[in-house]
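Chemist: So for the sequence shown, our numbering puts the first residue at 46; every next one is plus one.
Take this structure, written in structure tokens, and hold onto it; I'll ask about it next.
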Amino acid sequence: MSEKTTFDPFDPTGMIKTMRDKGMEAWAKAMTEAVNTDAYSEATGQMLDTWLKTSGPFREMMQKLVAQSMAEANLPSREDITRLAERFTNLEMRLDDLDAKFDECLTLLRAGGSSKKKQKSS
């Protein structure tokens with residue numbers, strides 16, 4: 046399927062496609078030229094600096110508001126969940142240690158029981 050290169054006045058979609066393509070090319074060229082200037086990079090840098098300076102206090106205010114709302118609704122905060130996770134991790138480590146000690150005790154008991162059977166049979 047090859048595209049037509051001739052102009053067909055009775056094909057309205059062809060005209061629209063051509064207009065769209067020409068418009069997109071013009072916009073792409075204009076935007077490329079605008080973005081590659083020093084003025085654009087300076088303006089973008091200033092805008093980002095301003096956004097970063099103003100978003101910090103807003104973010105802190107939102108965090109305080111969410112924490113207060115969660116406290117009023119008796120829901121755990123991020124710090125509460127972090128503390129619980131640390132406690133669970135410590136409990137898990139202790140249980141693993143107890144499990145290892147229990148396995149060691151069972152091994153010693155089994156070894157002791159088999160040596161007693163050998164002594165009785167002798």
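Ideal Cβ placement from N, Cα and C applies to all residues, glycine included.
When the distance is taken between beta carbons, is SER122 closer than 9 angstroms to ALA116?
Modeler: The Cβ atoms of ALA116 and SER122 sit closer than 9 angstroms to each other.
Chemist: With a threshold of 7 angstroms on Cβ separation, who are the neighbours of LEU154 within its own chain once the five nearest residues in sequence on each side are excluded?
Modeler: none
Chemist: Assuming ALA66 and GLY59 make a contact with CB atoms under 8 angstroms, what is their CB distance in whole Å?
Modeler: Per the sequence shown, the amino acid found at residue 66 is Asp instead of Ala. With 8 angstroms as the limit, ASP66 and GLY59 do not qualify as a contact, their Cβ atoms being about 11 angstroms apart.
Chemist: Starting from ALA112, trace the alpha helix (DSSP H) in both directions and tell me its first and last residue.
Modeler: 83-117
Chemist: 9 angstroms is my cut-off, CB to CB: does THR77 come that close to chain B?
Modeler: Any reference to chain B falls outside this structure, which holds one protein chain only.
Chemist: Whole angstroms is fine: what's the gap from GLU137's alpha carbon to GLU124's?
Modeler: The alpha-carbon separation between GLU137 and GLU124 amounts to approximately 20 angstroms.
Chemist: Grouping DSSP H, G and I as helix and E and B as strand, with all else coil, what is PRO121?
Modeler: coil
Chemist: From MET106 to ALA112, what distance separates their C-alpha atoms?
Modeler: Our two residues, MET106 and ALA112, have alpha carbons roughly 10 angstroms apart in a direct line.
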